[in-house]
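Since the structure comes first, as C-alpha cells, the remarks are kept for the end.
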Amino acid sequence: MGCLLAVAGVAVVGAFALARAAYTIDGGFEAHARDWGVILVELPLILCAGLVVPPLTYAAATRWLRPWQAALVCVAVVALGLWGLAAGWNPPQAPDPGYGPGI
1 MGCLLAVAGV AVVGAFALAR AAYTIDGGFE AHARDWGVIL VELPLILCAG LVVPPLTYAA
61 ATRWLRPWQA ALVCVAVVAL GLWGLAAGWN PPQAPDPGYG PGI
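Residue numbers (UniProt numbering): 1 to 103.
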C-alpha cells in the first residue's frame with residue numbers, strides 16, 4: 001500500500017507542480033525567464049515531498065485508525081499540501097498574454 005501511495009503522490013504533485021512551473025522550465029522568448037532555482041531545487045523538493053509524505057501519513061494513521069480511514073487521512077493531507085503549495089509557491093509566469101515564445 002505504501003508504494004502505491006508513493007507513486008500516486010508523486011503523480012498528483014508532479015502534475016500540479018509541473019503545470020505551474022511550465023513557463024519557468026520553458027523560459028519564454030529566448031529562454032530569458034528560465035529560473036534554474038525552480039528547476040534544480042524547488043521542483044525536486046516538491047516531488048520528494050509527494051513521494052515521502054503519503055506513505056508516512058498512512059503508516060502513522062494506521063496505528064490508530066482502520067486502513068480505509070488512514071487512506072482518507074492520506075487524501076486529506078495531500079489535498080492540504082496542494083492547497084498550501086498553491087497558496088505559497090508562485091514560480092514566475094508569463095508577463096502578459098500577448099508576450100509569446102517568439103517567431
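Ideal Cβ positions, reconstructed from N, Cα and C, are used throughout, including at glycine.
Query                                                                                                                       : Result
CA nearest to the CA of VAL73, picked from VAL53, GLU30, LEU18 and GLU42                                                    : VAL53
Member of LEU4, VAL38, ALA31 and GLY50 whose CA lies at the smallest distance from the CA of PRO91                          : VAL38
Check whether LEU85 and VAL13 have beta carbons under 9 Å apart                                                             : yes
Outcome for PRO67 when other beta-carbon atoms lying within 10 angstroms are tallied against a minimum of 16                : exposed
Beta-carbon contacts of THR24 that lie in its chain and below 6 Å, excluding the five residues immediately before and after : ASP35, VAL38, PRO91 and PRO92
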